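Protein chains in written order, with the working numbering: chain A, 1 to 310; chain B, 1 to 286.
In structure tokens, the structure reads:
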């Protein structure tokens, strides 16, 4: 009964509103799930993370205020330095390489010919393999003695490479398996390529532009917002590499795959140092913010938008 | 593009380019598929044959028993049930709440809308990893650790920025006149959303539904963080713990991996018409 009264009251209130107010109320009803979700699952955890930075807490005994202890610890933590080093190195190699490869594959399947759908499917397939199965598969492919990759290299006369044992080669291995799974950004590139009006190419051709010039002066400028989008998403994803590092090498050899998120995960759930893990999470956030800022500042300003303000 | 007669008349450079394209297409198709072939081939070998060098390309003898051994080594049936439960609830949550929010962003005009849509786009770029630790603490305070709730409930609140974005883009391609006609006939905004927009958006809804299902099926980090008792494990967690326990049993590990990958590929093949075309057609317009 109370509920009925309440809803009657609401209806009366709603009827009393002007048309404009009604529209506003209706709009907020529709986006309310997102607003609530943002408050519960983003703002609340952010506040918790801010609180935790000054605490020492192992989840069991009550949190203890330690001031800037966690921050000081961060400044002299050799493992953190190592994880930053390998994460930045991995991103710096895998993101540009993956971007070029995805763009290249997208151009290949942007042609119209019979059976193109099969190639689109095949190129996309690696990116939907479950992360755990993917990790096991690549651990096997990179196996030094019995793996397919070393078999092919040796058959071509190359040396036997210790992909997962050598700290230098292991980075190459992770780049290869990441680049293999670029199907997602490839599809986004493909969508962009298909959105370029044919008339631009025809106009360029009439002006005598060759294939290379059409790529340089039509395709790339038209694609620049999408390249930019994939670049930003690529950096965000590569900084969060976790599952393959955990399952293929578990951070080794000699911490050469101790990527930042793996280190955060270990700090929180391995050694139960929640406060320090929160500080590291903020650090990751800060790095990605600064990186995004520079990407937007220096690359974003070169992006060409066909219809600005849309 | 061109008929056979025409192709022969193209200049030499064009023809070379054409054949180079064909070669590259096939070469990369082989590169993309080879690991899968290798996975299936290895998973059907005996525990000894798998360590042959040089490796045999086809198993001899074939050992399909590997699959049975792998899937009964751990209660994968139970993991399967858990995963389908979590993934299914995720799909329901995402399909309804992301389209609901997207309707507000796409079709209603009100002060603050663009501000909130800016927040949606900002969360799109927010890495999930930074929230891992604080979210865990929030959920453990709620007493939700070792339940499916942390993996399901948040999805009912908008269903993720990317899905809202995708649905909004799709809604904007539907002519406003259809909705106006319904409004004149006395349809409320909820009615327009439910009876007009949703039925017209089936391809987009199917696309995000499949994305969501695959994401939930594949996700390791969430279930690994929140699920503690083996009875609650999803397939991803089960497979990860399987790997740590069967270190040198490559035959079983690979069989289990192939078995987990197979449903994903099957879903993908059945639905790829929606999957790729859906993104290609509606993904980035406007």
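Virtual Cβ for every residue (Gly too), placed ideally from N, Cα, C. Keep in mind the model is a prediction, meaning the values are calculated, not measured.
Boundaries of the alpha helix (DSSP H) in which residue i is found, first to last residue
i	result
residue 289/A	274-294
residue 225/B	221-226
residue 101/B	76-107
residue 174/A	167-180
residue 45/A	44-52
residue 38/A	19-38
residue 20/B	12-43
residue 61/A	Careful: residue 61/A lies outside any alpha helix (DSSP H) and carries neither H nor E.
residue 172/B	Segment: none, residue 172/B is in no alpha helix (DSSP H) and carries neither H nor E.
residue 219/A	Neither: residue 219/A is in no alpha helix (DSSP H) and is coded neither H nor E.
residue 122/A	116-124
residue 11/A	2-16
residue 199/A	198-206
residue 90/A	78-108
residue 134/B	132-141
residue 49/B	Where residue 49/B is concerned, there is no enclosing alpha helix (DSSP H), given that its DSSP letter is neither H nor E.
residue 72/A	69-75
residue 114/B	113-124
residue 304/A	Segment: none, residue 304/A is in no alpha helix (DSSP H) and carries neither H nor E.
Listed by chain order, chain B residues near residue i by CB distance under 7 Å
i	result
residue 261/A	129
residue 24/A	110, 111
residue 245/A	What residue 245/A touches in chain B: nothing, since even the nearest Cβ is about 12 Å away.
residue 140/A	42, 250, 254
residue 37/A	154, 157, 158
residue 3/A	Neighbours of residue 3/A on chain B: none; closest Cβ ~19 Å, over 7 Å.
Interface partners of residue i on chain A, CB under 7 Å
i	result
residue 53/B	145, 146
residue 101/B	30, 31, 33, 34
residue 218/B	130, 131
residue 16/B	Near residue 16/B there are no residues of chain A at all, since even the closest Cβ is about 12 Å away, more than 7 Å.
residue 38/B	141, 148
residue 63/B	Those do not exist, as residue 63/B stays about 16 Å from chain A at its closest Cβ, beyond 7 Å.
residue 35/B	137, 141
residue 257/B	133, 136, 137
residue 189/B	26
Under 8 Å between C-beta atoms of residue i and residue j
i	j	result
residue 42/B	residue 217/B	no
residue 110/B	residue 27/A	yes
residue 90/A	residue 242/A	no
residue 103/A	residue 189/A	yes
residue 32/B	residue 103/B	no
residue 99/A	residue 231/A	yes
residue 286/A	residue 133/B	no
residue 217/A	residue 203/A	no
residue 49/A	residue 281/A	yes
residue 59/A	residue 223/A	no
residue 150/A	residue 161/A	yes
residue 130/A	residue 181/A	no
residue 175/A	residue 256/A	no
residue 83/B	residue 234/B	yes
residue 183/A	residue 158/B	no
residue 161/B	residue 207/B	no
residue 70/B	residue 262/B	no
residue 99/B	residue 41/A	no
residue 64/A	residue 276/A	no
residue 105/B	residue 195/B	no
residue 91/B	residue 209/B	yes
residue 48/B	residue 66/B	no
residue 178/A	residue 163/A	no
residue 247/A	residue 240/B	yes
Under 9 Å by beta carbon: chain B residues contacting residue i
i	result
residue 43/A	Neighbours of residue 43/A on chain B: none; closest Cβ ~10 Å, over 9 Å.
residue 264/A	129, 130, 132, 133
residue 236/A	125, 126, 127
Chain A contact residues for residue i, given Cβ-Cβ distances below 8 Å
i	result
residue 32/B	122, 123, 125, 126, 180
Any non-hydrogen atom of the ligand COA within 7 Å of residue i CB
i	result
residue 117/B	Among the components of this structure there are no ligands whatsoever, and the ligand COA is therefore not found.
Partners in chain A for residue i, counting only beta-carbon separations shorter than 9 Å
i	result
residue 229/B	Per Cβ cutoff of 9 Å: no residues; residue 229/B is ~16 Å from chain A at best.
residue 105/B	27, 30, 31, 34
Interface partners of residue i on chain E, CB under 9 Å
i	result
residue 222/B	No chain E is part of this structure, whose protein chains are labelled A and B.
Contact set between residue i and chain B, taken where Cβ atoms lie within less than 8 Å
i	result
residue 240/A	127, 128, 129
Continuous alpha helix (DSSP H) assignments of at least 4 residues falling wholly in the region 232-265 of chain B: Within the region 232-265 of chain B, the alpha helix (DSSP H) runs of at least 4 residues that lie entirely inside it are, in chain order, 235-245.
Near-chain B residues of the region 125-138 of chain A (beta-carbon distance less than 7 Å), N- to C-terminal order: Of all residues in the region 125-138 of chain A, 125, 126, 128, 129, 130, 131, 132, 133, 136, 137 have a Cβ within less than 7 Å of some Cβ in chain B.
Within 9 Å of chain A by C-beta, residues of the region 113-125 of chain B in sequence order: Of all residues in the region 113-125 of chain B, 113, 116, 117, 119, 120, 123, 124, 125 have a Cβ within less than 9 Å of some Cβ in chain A.
Inside the region 132-163 of chain A only - beta strand (DSSP E) runs reaching at least 3 residues: Counting only unbroken stretches of 3 or more residues, no beta strand (DSSP E) element lies wholly within the region 132-163 of chain A.
Within the region 52-76 of chain B, ranges of the alpha helix (DSSP H) (whole runs, at least 4 residues): Within the region 52-76 of chain B, the complete alpha helix (DSSP H) runs of at least 4 residues fall at 65-73.
Segments assigned alpha helix (DSSP H), at least 4 residues, entirely inside the region 150-208 of chain B: You should have 161-171, 176-184.
Contacting positions in the region 274-298 of chain A - beta carbon closer than 8 Å to chain B: Taking 8 Å as the Cβ-Cβ cut-off against chain B, the residues of the region 274-298 of chain A that qualify are 274, 277, 278, 281, 282, 284, 285, 288, 292.
Members of the region 63-82 of chain B near chain A, C-beta cut-off 8 Å: So nothing in the stretch comes that close.
Members of the region 88-109 of chain A that neighbour chain B once the beta carbon cut-off is set at 7 Å: For the region 88-109 of chain A, residues whose beta-carbon sits nearer than 7 Å to a beta-carbon of chain B comprise 105, 108.
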